[in-house]
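Chemist: Pasting a structure here, questions to come.
Have a look at this one:
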């Protein structure tokens, strides 16, 4: 007899980190409910493709894709406004990069919690990563802890949803190694901030990904237009 | 010479509470940036009308209306799902009513904070009310305090946005009296949960509003199809 499985909502962008998150949630015994958020980012078509492919591979029955393109109306980020340029990678940058979408994670976690409360999920997984990230303020332990308190007090008393960020303190190298160990199909994921057919290889996201694969000693299976040797 | 004014984003549904909030913010010297959220609620057309009328009256230049109708996809509330009935009012109800939209305020506050961060606003006003409300968990001091921490840690270090809920501990009577004192055009506001031409008079929202006006000794200027005498 099959046990009733516990459910987790996974914020699944289609990127490498969310794919590793999904693999971890499965390993921990969760039935996955995959939530894709279209926030009007330049790369949405490509990301949605990855979301669909990953959902098929992971045999996810419960999936939801929502449109929050109001982020394009709000603007303020190179990911959602075409009049702000995508910066080239800079591992030593001291300021928050132009790709920062103001308070984005609060928005997407809120959507995930709303859905989790309706379907009775016990956890929400997010692929946030503070160590090898671009320095976004909404990707920190402090922010996620504060948000957990908001979840606890802002949902019904009988609702208990745990906000889980399993990659938070991992390096990209660790994420690649963990994903590889769990058989994550990296070839289906998409991380680049540009909207070209091939990953650009030079934006923050490509650079962090390529450096992670390099340090893990694994070849990144997706095609790049330029593939610098980040160390 | 005109001083540079400080700006506050006001979550302006078009209801009585948000109109009073706007009036309070103006009194406190804020330039208003009005944010209307269409979350796929049954009464959106009527609420949007109120938002536009109020924006005109208050001479608001900076306004934004965003569509987050994903709440209809998520469901779970009588306000967004036509297969869940609008309950009649019950002041002694001990459970959270069917109108509760799961974690709604976290979603709409997050949108407001994203916009506030982009336009450099110093405050976000929300008309949440815990005393004479329907018992929603995301309308409590505890929730708003936790959310303030999430704002502080999840936005840029140089961003300082205060989450202000001036009506939180007021009764509806107090809100009516405060609004009347500030000349709020109550005839332009809309509170009813049903989508009829006249306010129904029997849903939670109508009942709380009518009782508030009654207790304040002021006549509610909007037309009702039924107007019970709540005391």
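Protein chains in written order, with our numbering: chain A, 14 to 244; chain B, 14 to 244. Note that beta-carbon positions come from the ideal geometry of N, C-alpha and C, so glycine has one too. Just so you know, these numbers come straight off a predicted model, no measurement behind them.
So, do the region 174-190 of chain B and the region 148-163 of chain B have three or more beta carbon pairs nearer to each other than 8 Å?
Modeler: Flag = yes, the region 174-190 of chain B and the region 148-163 of chain B touch.
Chemist: By the criterion of Cβ-Cβ separation under 7 Å, what are the contact partners of residue 1 (chain A) in chain B?
Modeler: Not covered by the structure: residue 1 (chain A). The range shown for chain A is 14 to 244.
Chemist: State yes or no: is the C-beta of residue 205 (chain B) nearer than 8 Å to some heavy atom of the ligand ADP?
Modeler: Looking for the ligand ADP in the displayed structure turns up nothing, as the structure carries no ligands at all.
Chemist: Less than 9 Å between the C-beta atoms of residue 97 (chain B) and residue 149 (chain B), yes or no?
Modeler: Contact: no.
Chemist: For residue 38 (chain B), I'd like the list of residues in its chain whose CB is within less than 7 Å of its CB, leaving aside the five on either flank, ordered along the chain.
Modeler: Same-chain partners within the cutoff: 21, 23, 45, 138.
Chemist: List, from N- to C-terminal side, the beta strand (DSSP E) runs of 3 residues or more that fit wholly inside the region 19-102 of chain A.
Modeler: List check, beta strand (DSSP E) in window: 19-24, 43-51, 75-80.
Chemist: Contact check, residue 124 (chain A) vs residue 83 (chain B) under 8 Å by CB: the rounded distance?
Modeler: At roughly 7 Å, the Cβ-Cβ gap stays under 8 Å, so residue 124 (chain A) and residue 83 (chain B) are in contact.
Chemist: For the region 143-159 of chain A, enumerate the residues whose C-beta is nearer than 7 Å to any C-beta of chain B, in chain order.
Modeler: Within the region 143-159 of chain A, the residues whose Cβ lies closer than 7 Å to some Cβ of chain B are 150, 151, 153, 155, 156, 159, listed in chain order.
Chemist: Under 9 Å between the Cβ atoms of residue 36 (chain A) and residue 77 (chain A)?
Modeler: For residue 36 (chain A) and residue 77 (chain A), no; Cβs fall outside 9 Å.
Chemist: Cα separation between residue 115 (chain B) and residue 57 (chain B)?
Modeler: Those two C-alpha atoms are separated by around 18 Å.
Chemist: Measuring only between beta-carbons, confirm whether residue 210 (chain B) sits less than 9 Å from chain A.
Modeler: No, no contact with chain A.
Chemist: Please list, in chain order, the chain A residues whose beta carbon lies closer than 8 Å to that of residue 168 (chain B).
Modeler: Result: 115, 116, 150, 151.
Chemist: Could you check whether residue 118 (chain A) and residue 80 (chain A) sit closer than 9 Å to each other, using their CB atoms as the reference points?
Modeler: No, the Cβ-Cβ distance between residue 80 (chain A) and residue 118 (chain A) is not below 9 Å.
Chemist: What's the C-alpha gap between residue 15 (chain B) and residue 41 (chain B)?
Modeler: Because residue 15 (chain B) sits at a pLDDT of 45, beneath the cut-off of 50, its placement in the model cannot be relied upon, and the following sentence gives the value as read from the coordinates. If I take the Cα positions, the gap works out to 16 Å.
Chemist: Buried or exposed: residue 252 (chain A), going by 16 or more other Cβ atoms within 10 Å of its Cβ?
Modeler: In the structure as shown, chain A starts at 14 and stops at 244, and residue 252 (chain A) therefore has no counterpart that could be examined.
Chemist: Identify every run of the alpha helix (DSSP H) within the region 166-207 of chain B, keeping only runs that are complete inside it and at least 4 residues long; order them along the chain.
Modeler: Correct list: 185-194.
Chemist: Keeping to the same chain, check which residues put their C-beta closer than 6 Å to that of residue 234 (chain B); ignore five residues upstream and five downstream.
Modeler: Result list for residue 234 (chain B): 199, 200, in chain order.
Chemist: For the pair the region 182-190 of chain B and the region 201-209 of chain B, tell me if three or more CB-CB distances fall below 8 Å.
Modeler: Because the criterion of three Cβ pairs below 8 Å is not met, the region 182-190 of chain B and the region 201-209 of chain B do not touch.
Chemist: Exposed or buried, which one is residue 190 (chain B) when buried takes at least 16 other CB atoms within 10 Å?
Modeler: Buried.
Chemist: Name, please, each residue of chain B whose Cβ falls closer than 8 Å to the Cβ of residue 140 (chain A).
Modeler: Simply none; closest approach about 16 Å.
Chemist: So residue 93 (chain B) packs on residue 130 (chain B), CB below 8 Å; how close in whole Å?
Modeler: The Cβ separation is near 27 Å, so there is no contact.
Chemist: Alpha carbon to alpha carbon, how far is residue 89 (chain A) from residue 153 (chain B)?
Modeler: C-alpha separation (whole angstroms): 31 Å.
Chemist: Output the distance between the C-alpha atoms of residue 101 (chain A) and residue 237 (chain A), rounded to the nearest integer angstrom.
Modeler: Between residue 101 (chain A) and residue 237 (chain A), the C-alpha separation is close to 15 Å.
Chemist: Quick one: does residue 242 (chain A) have its CB under 9 Å from some CB of chain B?
Modeler: No, because no Cβ of chain B sits closer than 9 Å to the Cβ of residue 242 (chain A).
Chemist: Tell me which same chain residues have a C-beta within less than 6 Å of the C-beta of residue 204 (chain A), skipping the five on either side of it?
Modeler: Cβ within range, chain order: 28, 29, 218, 222.
Chemist: Does the separation of the CB atoms of residue 212 (chain A) and residue 243 (chain A) fall below 9 Å?
Modeler: Not a contact, by the Cβ cut-off of 9 Å.
Chemist: Under 7 Å Cβ-Cβ, which residues of chain A neighbour residue 163 (chain B)?
Modeler: 119, 156, 159, 160, 163, listed in chain order.
Chemist: If you draw a straight line from the C-alpha of residue 239 (chain A) to the C-alpha of residue 197 (chain A), how long is it?
Modeler: So the two alpha carbons sit approximately 24 Å from each other.
Chemist: Residue 69 (chain B): which of B:85, B:32, B:104, B:87 sits nearest, CA to CA?
Modeler: Nearest option by C-alpha distance: B:32.
Chemist: Flag residue 124 (chain B) as yes if its beta-carbon sits less than 9 Å from any beta-carbon of chain A, otherwise no.
Modeler: Yes, residue 124 (chain B) counts as interfacial toward chain A.
Chemist: Run down chain A in chain order and give the residues with a C-beta less than 8 Å from the C-beta of residue 130 (chain B).
Modeler: Per Cβ cutoff of 8 Å: 89, 115, 116.
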